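Protein chains: 2
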Amino acid sequence: MGDDIYQLHAEMCKVFSNPIRIKLLNLLRDGKEHSVSELQKATGLGQANLSQHLGIMRHKGAVLPKRKGRQILYRISDKKIIVAFDIIRSVLSKNLKSRQRMLKNEVL
Amino acid sequence: MGDDIYQLHAEMCKVFSNPIRIKLLNLLRDGKEHSVSELQKATGLGQANLSQHLGIMRHKGAVLPKRKGRQILYRISDKKIIVAFDIIRSVLSKNLKSRQRMLKNEVL
DNA sequence: TTAATATATTCGAATATTCTAATATATATG
DNA sequence: CATATATATTAGAATATTCGAATATATTAA
Numbered sequence: 208m209g210d211d212i213y214q215l216h217a218e219m220c221k222v223f224s225n226p227i228r229i230k231l232l233n234l235l236r237d238g239k240e241h242s243v244s245e246l247q248k249a250t251g252l253g254q255a256n257l258s259q260h261l262g263i264m265r266h267k268g269a270v271l272p273k274r275k276g277r278q279i280l281y282r283i284s285d286k287k288i289i290v291a292f293d294i295i296r297s298v299l300s301k302n303l304k305s306r307q308r309m310l311k312n313e314v315l
Numbered sequence: 208m209g210d211d212i213y214q215l216h217a218e219m220c221k222v223f224s225n226p227i228r229i230k231l232l233n234l235l236r237d238g239k240e241h242s243v244s245e246l247q248k249a250t251g252l253g254q255a256n257l258s259q260h261l262g263i264m265r266h267k268g269a270v271l272p273k274r275k276g277r278q279i280l281y282r283i284s285d286k287k288i289i290v291a292f293d294i295i296r297s298v299l300s301k302n303l304k305s306r307q308r309m310l311k312n313e314v315l
C-alpha cells in the first residue's frame, strides 16, 4: 500500500516527540539564527547530546545550519513548524483544563 | 525548572510519531465517529494492536470514545489536531520537494 | 444464566530512542 | 605547522516503544 507517506509523516513528527527538542524549538521560535554554544548555555545540555538533537532536527529538515567561522548557526526551516507547535500546545492546554474540571467533579 | 510543559508537549506529540496512529488520524479526520471494528477493517491491524494505539491516543486526549451497544465509537477530540496534522504534512512535502531538487542538481 | 461478540489489558520479546564518554572534523590563531 | 575552539559522529549501555499471544471485561442474545 502507499503507506510510505504515513511513515514519513510520523518521522517528521518525531522531531516534536522529545522534551529537549521541544525546548530547542521554543528557543528557535523567533526565526533568528542561534549558535550551538548559545543553545548549550540556554539548555544546560551536554555538548554531544545537544549536537545529536540538533542533528535529528536537521536530518528531518526542521532546522537549517549555516557555518559562521567555527560556529554553526541554526534556525527553523519553516515558520509553519511554529504554527503547528502552537496549535498542539493549545490542544494540550485545553485537555489539561478539562481534566482538572473532571477531577474536581469526581471529588465533590 | 518549569520544564514540565516541555514534557507534556512532547507527550502529546508522541501521538503523531507513529505511522499507524497517523493512519488512524487520517481515517478519523472527518470528525465523525468510527467503530473499532470499522477501523480494524480499514487498517488491517490485529485487534490488540489497534486497541493499544487507540488507547495511547485516548489517554493523551487526542480521541474520545463513546459506547454504542457493544461497540466503541471513536472520534477526534479537537479539530485543531487535524489543522496541525495538515501543517506538518505540508512542511514535509515542501522538504521532500526541495531535497529532490538538490539531488537533481548534484547529479547534473 | 450461558454463549457470543466487541474491545481492552497484560506480559514478554523485538526494536528504537536516548544518554554519556570517547573520538573525529573543521576552522581560526599563534 | 601546532594548538585551541566549536561542533559532529560513533559506540554501547539504559530506557522506552511496539507487537503478538493470552486473558479480561462489558454488552447482547439465546
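Going line by line, the protein sequences match chains A and B.
Numbered by my numbering, the letters in the first sequence go through residues 208 to 315 in order.
Numbered by my numbering, the letters in the second sequence go through residues 208 to 315 in order.
Every residue gets a Cβ at the ideal spot worked out from N, C-alpha and C, and that includes glycine.
These numbers come from a predicted model, not from an experiment.
Counting the other Cβ atoms within 10 Å of the Cβ of B:G268 gives 16 or more, which makes it buried.
Here DSSP, grouped into helix, strand and coil, assigns A:R282 to strand. A distance below 6 Å between beta-carbons, with the five flanking residues on each side excluded, links B:V243 to the following residues of its chain, in chain order: I279.
If the five residues before and after A:E240 are omitted, its C-beta is found closer than 6 Å to the C-beta atoms of L280 and R282, all from its own chain and listed in chain order. Neighbourhood of B:L215 in chain A, by CB distance below 8 Å: L299 and L303, in chain order. Annotated as proximal: A:L215 and B:L299, with beta-carbon spacing under 8 Å.
With respect to chain A, the C-beta atom of B:P272 has no partner C-beta closer than 8 Å. Residue contact check for A:R296 against chain B: a CB pair falls below 8 Å.
Residues of the same chain with a CB within less than 6 Å of the CB of B:I227, apart from the 5 flanking positions on each side, are H260 in chain order. Residue-level contact check: B:D237 does not touch chain A, since none of the beta carbons of chain A fall below 8 Å from its beta carbon. Residue contact with chain B for A:K248: absent (no Cβ-Cβ distance below 8 Å to any residue of chain B). Residue-level contact check: A:I283 does not touch chain B, since none of the beta carbons of chain B fall below 8 Å from its beta carbon.
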